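Down below is the structure, laid out as structure tokens.
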Amino acid sequence: MSKNFKDIKTLDTPQGNLNLSWDTDVLIIGSGAAGLRAALAASEHANVTLITKTTLTESNTHYAQGGIAVAMNLDDTIALHIKDTTAAGAGLCDAGAVEMMVSEGIPRVGELLDWGANFDWEGTLPRFTQEAAHSRRRIVHKGDATGRETTDVLIQRVLNTERIHVLQNTFAIDLLTDEGVPEKREAGVTCYGVTAIVEEQVVCIRAKATILATGGLGRLYPCTSNPKVATGDGFATAWRAGCEMIDMEFVQFHPTTLFLDGAPNFLISEAVRGEGGRLLNIRGERFMGKYHEKGELAPRDVVSRAIQIEMDLTGFPCVYLDITHKPKEFILERFPTISDTTKRYGLDINVDLIPVRPGAHFMMGGIRTNTDTQTNLKGLYACGEVACTGVHGANRLASNSLLECLVYGARAGTNATVFAKSQPDHPPDIPLPSNVGASLASIADAAAETHTEATKIAVQEALWENVSIERNGEGLQKTLAELQDLATDLGDLLTSPELKDIATIETVNMLNVAVMITESALTRTESRGAHYRADFPTQDDTAWQRRVLITRDSPLEVIPF
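Next up, the structure:
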């Protein structure tokens with residue numbers, strides 16, 4: 003009998019007391035497609051604990067609309083998919099990582115179908131759709147709710163796997179490492195799990211191998227397609243533990259997020275333009291032809307900048323997406339989620355134009371890994387959006403994100419298990435943070451809560467003003483100074499090992515990541531992919547076919563590609 007989402011296990015002992023320390027073979031942090039797929043792979047040969055910040059269903063994957071790019075159509079090839087991916091990546095894609103994703107993606111999508119994914123079909127093949135910068139129709143999808151279908155299938159399989167132990171509403175604070183153990187230093191730092199908040203108590207989850215699959219950071223910006231959980235926690239946690247962070251300047255802005263009074267942040271899928279949607283300015287003029295030969299199907303960075311320019315030229319806060327020329331039956335079948343959501347706010351996309359503007363969507367950079375998903379910390383692996391194998395380069399091709407999650411999630415689970423099997427049965431004794439065992443206050447300090455919220459808003463506004471779609475040196479310097487002032491204002495909260503309040507930790511994480519993005523963007527004095535510098539508006543392959551590397555203890559470094 004299949005379990006449902008209410009059957010999720012907890013850390014409770016039989017006596018009902020919360021364990022302050024928990025041991026597992028493989029620990030996975032994050033419940034998007036990458037984390038779920040990693041858990042399934044790891045569980046084949048190891049006991050797995052998967053923790054997630056809120057509920058098991060809340061992730062960027064769950065809200066993904068467009069689909070999964072995969073070279074399975076009759077007129078498609080692996081070579082063509084690789085070509086499109088590297089073209090979008092603007093000269094910074096790692097060729098080996100791209101080939102691995104595209105070739106291994108075919109069996110990964112195939113097994114998803116075997117596990118019951120109910121994608122749209124046309125005859126004996128999935129119904130492939132077109133998206134921007136793809137040369138073929140290669141996007142498999144479930145209407146405009148592909149992410150939900152994907153996570154539902156993976157979650158059900160995870161819940162039916164006895165060796166996977168799931169902890170919801172578990173907030174990871176910091177990674178446990180042996181950095182403070184003198185005799186371990188020469189051998190390199192090893193990760194042994196994480197400290198986390200469970201049921202308002204700080205606990206220690208020790209693991210032989212740990213996988214970070216925490217997703218994105220869109221909530222660092224006020225306008226985003228990402229859900230509330232996407233505050234960049236995994237990036238900050240990894241950086242504080244000593245991980246190498248790379249390509250942090252490359253934040254992708256989706257061209258079309260809904261701009262409607264009273265409506266929440268909501269993505270209007272790439273597939274709307276792929277199926278013939280037209281972009282119009284406030285004057286009713288189609289404008290994309292002025293900016294790129296592919297018009298509405300140009301790469302995302304081009305479309306986002308074009309929309310921003312049109313908004314600036316017309317003095318209007320949005321543009322419009324028009325799909326009304328398509329039959330009503332087609333729109334309702336192809337875009338039921340968008341249709342239902344907009345209808346709740348008085349908009350009928352069958353007859354009305356959709357007001358849209360760009361919003362923060364995806365991070366191409368992140369924790370530096372190889373194609374085996376290994377980081378520079380022993381025992382620590384990373385996959386999905388929080389990781390950077392170089393597969394996306396400077397600009398991700400539409401619908402490659404879920405493919406990356408499936409391929410590198412599976413690789414992370416397998417490789418982490420191999421490492422775990424090489425470790426002793428019990429992790430070595432390492433110093434634990436002094437806050438393990440502490441209980442959270444039942445009533446938060448109102449003044450501190452107000453201060454935390456104000457700091458979050460200040461970070462968002464600073465990034466949106468100067469570190470978003472268009473950047474320049476003066477604005478980046480200004481933002482860096484503002485972020486440093488915010489850090490000074492936080493004082494001891496920024497580094498205190500006693501941190502145990504989730505809102506405060508989120509704020510610290512956002513500030514950590516904001517500084518990394520800004521410093522990296524200031525360093526790259528060219529325009530490439532999603533990183534556009536108005537003061538350096540051209541791509542400079544002679545000087546800048548390089549990558550920007552950032553670590554906690556070393557100066558920012560520019561390294562060869």
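Start counting the sequence shown at 3; every next residue gets the next number (the numbering used here). Just so it is clear, CB atoms sit at the ideal spot from N, CA and C, and this is done for glycine as well. Everything numeric in this text was worked out from a predicted model, so none of it was measured.
Sequence-distant residues of the same chain with beta carbon closer than 7 Å to residue i, five excluded per side
i             : result
lysine 230    : Arg221
valine 388    : Leu214, Ala215, Thr216, Gly217, Gly236, Phe237, Gly368 and Ile369
asparagine 49 : Thr26, Asp27 and Arg165
histidine 294 : Ala300 and Val304
leucine 22    : Val205, Cys206, Val438 and Gly439
aspartate 78  : Arg138 and Arg140
Residues that residue i bridges to, as DSSP identifies them
i              : result
serine 23      : Cys206
cysteine 193   : Thr179
tyrosine 383   : Ile213 and Gln376
methionine 247 : Ile369 and Ile552
histidine 533  : Arg530
Among the options, nearest to residue i - alpha-carbon criterion
i              : options                           : result
leucine 524    : Leu558, Thr59, Asp542 and Gly493  : Leu558
threonine 126  : Gly217, Trp117, Ser137 and Leu76  : Leu76
isoleucine 30  : Cys225, Ala71, Lys85 and His167   : His167
alanine 41     : Asp491, Gly411, Thr179 and Ile340 : Gly411
arginine 156   : Glu463, Gly34, Val304 and Ile248  : One detail in the question is off: residue 156 reads as leucine in this sequence, not arginine. Checked all of Glu463, Gly34, Val304 and Ile248; the closest Cα to leucine 156 is Gly34.
leucine 94     : Ala119, Asp116, His533 and Thr553 : His533
asparagine 352 : Gly361, Met366 and Arg336         : Arg336
isoleucine 108 : Ala66, Thr326, Val515 and Met74   : Met74
serine 529     : Ala396, Asn417 and Asp487         : Ala396
leucine 513    : Ile504, Leu492 and Ala135         : Leu492
arginine 473   : Gly195, Ala265, Asn228 and Thr520 : Thr520
arginine 275   : Gly98, Thr419 and Ala135          : Ala135
glycine 531    : Asp354, Ser306 and Thr416         : Ser306
alanine 418    : Arg280, Cys385 and Ile325         : Cys385
leucine 178    : Ala505, Leu434 and Thr457         : Leu434
methionine 103 : Asn402, Leu551 and Asn267         : Asn402
serine 137     : Leu488, Leu551, Asn378 and Ile84  : Ile84
alanine 308    : Asp263, Leu282 and Gly112         : Leu282
leucine 161    : Thr59, His394 and His363          : Thr59
aspartate 555  : Ala243, Asp154 and Thr152         : Ala243
glutamine 376  : Pro360, Cys193 and Gly278         : Cys193
Cut-off 6 Å between Cβ atoms - residues of its own chain near residue i, not counting five sequence neighbours on either side
i             : result
glutamate 181 : Val191
glycine 297   : Met290 and Gly291
serine 444    : Low per-residue confidence applies at serine 444: pLDDT is 42, beneath 50, and the placement is therefore not dependable enough to give any value.
threonine 553 : Glu246
threonine 416 : Ala43
glycine 145   : Pro338
alanine 536   : Glu472 and Asn474
valine 517    : Leu485
Delimiting residues of the alpha helix (DSSP H) encompassing residue i
i                 : result
threonine 79      : Where threonine 79 is concerned, there is no enclosing alpha helix (DSSP H), given that its DSSP letter is neither H nor E.
methionine 512    : 504–525
alanine 362       : Looking at the DSSP string, alanine 362 is not in any alpha helix (DSSP H); the run it does join, the beta strand (DSSP E), is 356–365.
phenylalanine 255 : Note, phenylalanine 255: premise wrong, no alpha helix (DSSP H); beta strand (DSSP E) at 253–260.
threonine 51      : Careful: threonine 51 lies outside any alpha helix (DSSP H), inside the beta strand (DSSP E) at 50–53.
Residue burial classification, residue i (beta-carbon count within 10 angstroms, cutoff 16)
i              : result
arginine 285   : exposed
glutamine 254  : buried
tryptophan 117 : exposed
glutamate 484  : buried
glutamine 310  : buried
lysine 11      : Its pLDDT being 46, under 50, lysine 11 is placed unreliably in this model, and the value from its coordinates should be taken loosely. By the 10 Å Cβ count, lysine 11 comes out exposed.
proline 499    : Because proline 499 carries a pLDDT of 49, less than 50, the predicted location of this residue cannot be relied on, and the following value inherits that uncertainty. When all chains shown are included, proline 499 counts as exposed.
threonine 544  : exposed
histidine 256  : buried
arginine 208   : buried
glutamine 479  : exposed
tryptophan 546 : buried
proline 319    : exposed
isoleucine 199 : buried
aspartate 86   : buried
proline 564    : Residue 564 lies beyond the range of the chain shown here (3 to 563); nothing can be said about it.
threonine 1    : Missing from the structure shown is residue 1; the chain here goes from 3 to 563 and no further.
valine 420     : exposed
alanine 232    : buried
asparagine 267 : buried
Own chain residues within Cβ distance below 8 Å of residue i, not counting five before or after
i             : result
glycine 477   : Glu467, Asn468 and Val469
threonine 326 : Ile351, Asn352, Val353, Asp354 and Leu355
tryptophan 24 : Leu13, Thr51, Val205, Cys206, Ile207 and Arg208
tyrosine 101  : A small fix is needed here, since residue 101 is glutamate in this sequence, not tyrosine. Contacts found: Ile80 and Ile84.
Endpoints, the beta strand (DSSP E) within which residue i is located
i             : result
aspartate 314 : First-last for aspartate 314: 302–316, but that is the alpha helix (DSSP H), not the beta strand (DSSP E).
valine 321    : 321–324
glutamate 484 : Here glutamate 484 belongs to no beta strand (DSSP E); instead the alpha helix (DSSP H) covers 475–492.
isoleucine 1  : Residue coverage of the chain in this structure runs from 3 to 563, which leaves residue 1 outside it and unanswerable.
beta-carbon residue i near the ligand ATP non-hydrogen atom, thresh 6 Å
i             : result
aspartate 555 : The ligand ATP is absent from the structure shown, which contains no ligand whatsoever.
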